[in-house]
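Enquirer:
See the structure below:
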């Protein structure tokens, strides 16, 4: 249950009761927007990797270094702070979904750590301070955006459908 909710701490209240019915239809477009923002980031990182070592715009590189962590963390805060608790509350007894959400949270931790390392590497490459060589940076970029794309494809295929119009009898949408 959200700690800021007026009914938090009330015995017998389930977290599913704090969300209005139909909220899934409002969260779907928001999740889609976060996925698109991360896919856009991946496309720009891929273009950067493709331009290594000679076709690098230093300003774009620095801009991406600043954006990586912000874009990824914003999406993860939305998912972990609102989406995952909603899905857990609506899917009581669905151990498979609970395990999937836990796995996604661990992936978020890894993605954020990698995003921080990549931001440092991009900054170092541009400034020359502790810079990785172009081959190492290209490997890091590709490792990051390929893993992110797999994660985003999973969310698009498996989480977005859970946020479609509620289906009668569906354990995820039962209130």
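Residue numbers (this note's numbering): -13 to 161.
All C-beta atoms in this analysis are idealised placements derived from N, C-alpha and C, irrespective of residue type, glycine included.
1. Quick one: what's got a C-beta closer than 7 angstroms to residue 32's C-beta in the same chain, skipping five residues either side?
2. Cα-Cα, which of 92, 70, 145, 108 is closest to residue 34?
3. Verify whether the separation of the beta carbon atoms of residue 103 and residue 62 is less than 9 angstroms.
4. Just to confirm, is the Cβ distance from residue 84 to residue 74 under 9 angstroms?
5. Taking its Cβ as the centre, do 16 or more other Cβ atoms sit within 10 Å of residue 141, making it buried, or is it exposed?
6. Taking just the CA atoms, how far does residue 79 sit from residue 21?
7. Alpha carbon to alpha carbon, what distance is there between residue 129 and residue 111?
8. Using the three-state DSSP reduction, which class does residue 118 fall into: helix, strand or coil?
9. How close, in whole Å, do the beta carbons of residue 30 and residue 50 come, if the pair is a contact with beta carbons under 8 angstroms?
10. DSSP three-state label for residue 42, please.
11. What number of angstroms, rounded off, separates the C-alpha of residue 105 from the C-alpha of residue 56?
12. Nearest CA to the CA of residue 127: which residue from 38, 12, 19?
Expert: Answer, in terms of the structure:
1. Taking the chain shown and counting its residues from 1, one reaches residue 32 at position 46. 131.
2. Indexing the chain shown from 1 puts residue 34 at position 48. Of the candidates 92, 70, 145, 108, the one whose C-alpha sits nearest the C-alpha of residue 34 is 108.
3. Along the chain shown, read from residue 1 onward, the residue named residue 103 stands at position 117. Along the chain shown, read from residue 1 onward, the residue named residue 62 stands at position 76. Their beta carbons are not under 9 angstroms apart, which means residue 103 does not touch residue 62 by this criterion.
4. For the purposes of this step, residue 84 is taken as residue 98 along the chain shown, with counting starting at 1. For the purposes of this step, residue 74 is taken as residue 88 along the chain shown, with counting starting at 1. Yes, they are a contact pair.
5. Working through the chain shown from its first residue, we reach residue 141 at position 155. The residue in question, residue 141, is buried, as its Cβ has 16 or more Cβ neighbours within 10 Å.
6. Here residue 21 refers to the residue found at position 35 of the chain shown. Here residue 79 refers to the residue found at position 93 of the chain shown. Whole-angstrom Cα-Cα distance: 28 angstroms.
7. As a working note, residue 111 is residue 125 in the chain shown. As a working note, residue 129 is residue 143 in the chain shown. It is roughly 17 angstroms from the alpha-carbon of residue 111 to the alpha-carbon of residue 129.
8. Walking along the chain shown from the start, residue 118 turns up at place 132. Correct three-state label for residue 118: coil.
9. Along the chain shown, read from residue 1 onward, the residue named residue 30 stands at position 44. Along the chain shown, read from residue 1 onward, the residue named residue 50 stands at position 64. Right, their Cβ atoms sit about 6 angstroms apart.
10. Residue mapping note: residue 42 aligns to position 56 of the chain shown, counting from 1. Correct three-state label for residue 42: coil.
11. Within the chain shown, the letter at position 119 stands for residue 105. Within the chain shown, the letter at position 70 stands for residue 56. Residue 105 and residue 56 have their C-alpha atoms roughly 11 angstroms apart.
12. Taking the first residue of the chain shown as position 1, residue 127 is located at position 141. Looking at the Cα atoms, 38 is the closest of the given residues.
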